[in-house]
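J.: For what it's worth, the working numbering labels the leading residue of the sequence shown as 1, then goes sequentially.
Note that the Cβ used here is the ideal one computed from N, Cα and C, for glycine as well.
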Amino acid sequence: MQKPTAPQSSLSLLGMFAFSLMLNGFGNGLTVALNLGSALWTASAVNLSHMFAARLSWVLLIEGVAVVVVNALILGQVDWRRILGNFLYMVPFSFLVSGWANLIRLTPIMTWPLAVRVGLDLIGVVCIGSAVSVYQRVNIMLHPNDDFMQIIRFRFLHGNAAAAQPASFIPPITISLICWALTKQLFAVNIGTLFSLVAQGAVVGMADRFVFPKLKHRHLHV
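If you want it as structure tokens, here you go:
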């Protein structure tokens, strides 16, 4: 676990949080638009949206609500400040992902060579991992999925991001498999999904060291 350092100013913390929110939305939107493999939680939401013919933004929102409940059960308490932060993050994030994906689909990116698109998809996953690292450390408010990962990371795995991220992916993997079993179709699962499963935790750990390296985890209550 990282040791605390001198506190950051409120303005710098807000700036880093805003940067991470946009980066997270862009990375997820890019992987959704490319359809070469999204991060596991996003992929599960995409498959649910296809199965129920529902808007992705709403599925992301509902999925997040379910994870809020799971987090409270793991912590053994209802922390209303934490839950409010989850919702305040989740609502703009859900629409950012959908908005970025729709915007990217309007560009010529889908006509580019497959190798280039695969590379961009992997970059999208790296963007997601880097964004998670930043806003987990800022810890003003978290998306429930990444709060879930952080709880597992620091409560059960001694701060090991590389182990915590795959463990936190068990629920979305299960959701995607159920959707596939029921519909015989699988969306947003490809090489990028495998990269996310194997490497996203390591990306978070590396970003902890190299993206805003002076920023350490704040206000951990796990």
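Can you look up N121 in the DSSP assignment and give me helix, strand or coil?
T.: Just to set this straight, residue 121 is Asp in the shown sequence, not Asn. In the structure shown, D121 sits in a helix (DSSP, three-state: H, G or I).
J.: Helix, strand or coil for S57, going by three-state DSSP, please let me know.
T.: Helix, per DSSP.
J.: Is the beta carbon of I173 less than 8 Å from the beta carbon of G37?
T.: Their beta carbons are not under 8 Å apart, which means I173 does not touch G37 by this criterion.
J.: Which residue wins for smallest C-alpha separation from L60, given the options A164, G29 and M90?
T.: Of the listed residues, the one whose Cα sits closest to L60 is M90.
J.: Does the Cβ-Cβ distance between S98 and S57 come in under 8 Å?
T.: Contact: yes.
J.: Could you check which residue in F154, G64, L103 and W80 has the C-alpha nearest to that of A33?
T.: Considering only alpha carbons, the answer is L103.
J.: For T31, which of helix, strand or coil comes out of DSSP?
T.: Residue state, collapsed to three classes: helix.
J.: Here's the rule: buried if 16 or more other CB atoms are within 10 angstroms of the residue's CB, otherwise exposed. What is D146?
T.: The residue in question, D146, is buried, as its Cβ has 16 or more Cβ neighbours within 10 Å.
J.: With DSSP collapsed to three states, give me the class of L220.
T.: Reduced to three states, the DSSP call for L220 is coil.
J.: If I follow the unbroken alpha helix (DSSP H) through T86, where does it start and stop?
T.: At residue 86 the sequence reads Asn, which differs from the Thr that was named. It spans W80 to R105 - the alpha helix (DSSP H) in which N86 sits, taken as one unbroken run.
J.: For H100, count neighbouring Cβ atoms within 10 angstroms of its own Cβ and tell me buried if that reaches 16, exposed if not.
T.: First, the residue type needs correcting, since residue 100 is Trp and not His in the sequence shown. Flag for W100 reads buried.
J.: Mind checking which residues open and close the alpha helix (DSSP H) that includes P171?
T.: Residues I170 to T183.
J.: Here's the rule: buried if 16 or more other CB atoms are within 10 angstroms of the residue's CB, otherwise exposed. What is S10?
T.: Under this definition S10 is an exposed residue.
J.: Take R82 as the anchor and find which of L96, F148 and T183 has the nearest alpha-carbon.
T.: With distances taken between Cα atoms, R82 lies closest to F148.
J.: Quick one: grab the DSSP three-state call for M141.
T.: Coil at M141, not helix or strand.
J.: In whole angstroms, what separates the C-alpha of T111 from that of G129?
T.: C-alpha separation (whole angstroms): 26 Å.
J.: Can you round the beta-carbon distance between K214 and R137 to whole angstroms, since I take them to be within the 8 Å contact cut?
T.: Incorrect: roughly 10 Å between the Cβ atoms, too far for contact.
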